[in-house]
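Structure, rendered in structure tokens:
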């Protein structure tokens, strides 16, 4: 009986070891969330697949880190709560690094930097000033840094909140609002479309580090310090080896790469 028990114990130990090796062989899977409604950064194509600058950067980072990755679309206003609830491991969704967000999550170094712009009909006599926009209806994405920017800079504007950028752009086209405040690059691309042909950027881009942050970073949970370090190392690598530039050039005619 003793010999039989010893053989059984050895067999069970071997089985356990085998399962461990199989798990290791399968490798890690990094679960990444993006919004899927913010072209050209993240959007769903005609085949129902996620595409865009953010998506390609995420895939490049996974390749550099030698991990499998899954990328899913999540509603913007719940994307940080979903991260902290463990529904995914990182957010690559053009999320600006701000003091308020840093209270809830950690960020990598910026992977690009942009600014906000006011877009309105070409014939409209508007400017990105408090006086010009007093009483004007402005569309902005809910829970975004651009909503905070409007509140700070244009306190007398009539603010309309939208769940997606494409929805406030639609209301701009149909004349339901006077203008929108949104990210410069996304709106610059929209202005090249048929819908955006009769609109323009009013004044200069707005850069406000205290509200808009230092640029867009990848968000992770506060507890995931190892993942944060690995993502930062991978980001530095793709900026150095030319992969970042290849992705950049597929989407933009100018460099989005922030200074080190």
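In our numbering, the protein residues as written are 173 to 432. Where a beta carbon is used, it is the ideal one built from N, C-alpha and C, also for glycine.
Whose CA, out of the options, lies closest to the CA of residue i?
i: residue 423; options: 208, 205, 203 and 213; result: 213
i: residue 328; options: 255, 346 and 307; result: 307
i: residue 201; options: 347, 287, 237 and 223; result: 237
i: residue 353; options: 246, 346, 361 and 341; result: 341
i: residue 293; options: 312, 370, 311 and 310; result: 370
i: residue 364; options: 211, 379, 410 and 321; result: 211
i: residue 207; options: 351, 241, 321 and 335; result: 335
i: residue 350; options: 312, 316, 222 and 366; result: 312
i: residue 396; options: 257, 326, 316 and 425; result: 257
i: residue 243; options: 320, 215 and 250; result: 215
i: residue 264; options: 302, 304, 223 and 291; result: 223
i: residue 235; options: 405, 429, 425 and 303; result: 405
i: residue 425; options: 321, 361 and 250; result: 361
i: residue 321; options: 290, 348 and 304; result: 290
i: residue 249; options: 220, 319 and 261; result: 319
Under a Cβ-count criterion, where at least 16 other Cβ atoms within 10 Å of its own Cβ denotes burial, should residue i be classed as buried or exposed?
i: residue 393; result: buried
i: residue 232; result: buried
i: residue 427; result: exposed
i: residue 413; result: exposed
i: residue 193; result: Bear in mind that a pLDDT of 23 at residue 193, under 50, signals an unreliable position, so the model cannot answer this.
i: residue 268; result: buried
i: residue 382; result: exposed
i: residue 295; result: exposed
i: residue 228; result: buried
i: residue 431; result: exposed
i: residue 300; result: buried
i: residue 255; result: buried
i: residue 310; result: buried
i: residue 205; result: buried
i: residue 230; result: buried
i: residue 226; result: buried
i: residue 379; result: exposed
i: residue 323; result: exposed
i: residue 477; result: In the structure as shown, the chain begins at 173 and stops at 432. Residue 477 is therefore absent and cannot be evaluated.
i: residue 317; result: buried
Across which residues does DSSP place residue i in a beta bridge pair?
i: residue 311; result: 332 and 352
i: residue 242; result: 203
i: residue 357; result: Answer is none; residue 357 lacks a bridge partner.
i: residue 237; result: Bridge partners of residue 237: none, in fact.
i: residue 293; result: 371
i: residue 214; result: 210
i: residue 345; result: DSSP lists no partner for residue 345.
i: residue 378; result: 288
i: residue 268; result: 388
i: residue 278; result: 392
i: residue 222; result: 216
i: residue 263; result: 205 and 391
Is the shortest distance between the beta-carbon of residue i and the beta-carbons of chain B less than 8 Å?
i: residue 372; result: Any reference to chain B falls outside this structure, which holds one protein chain only.
State the CB to CB distance for the pair residue i and residue j, rounded to an integer number of angstroms; the pair is presumed to be in contact (CB under 8 Å).
i: residue 209; j: residue 338; result: 6 Å
i: residue 314; j: residue 333; result: 4 Å
Check whether the segment 276-286 touches the segment 399-414, counting contact only when three or more Cβ pairs, one atom from each stretch, lie closer than 8 Å.
yes
Validate contact between the segment 266-276 and the segment 362-377 using beta carbons, cut 8 Å, 3 pairs:
no
Below 8 Å, how does it come out for the segment 350-368 and the segment 413-421: are there three or more Cβ pairs, yes or no?
no
Evaluate contact between the segment 283-295 and the segment 381-388, counting only Cβ atoms and requiring at least three cross-stretch pairs below 8 Å.
yes
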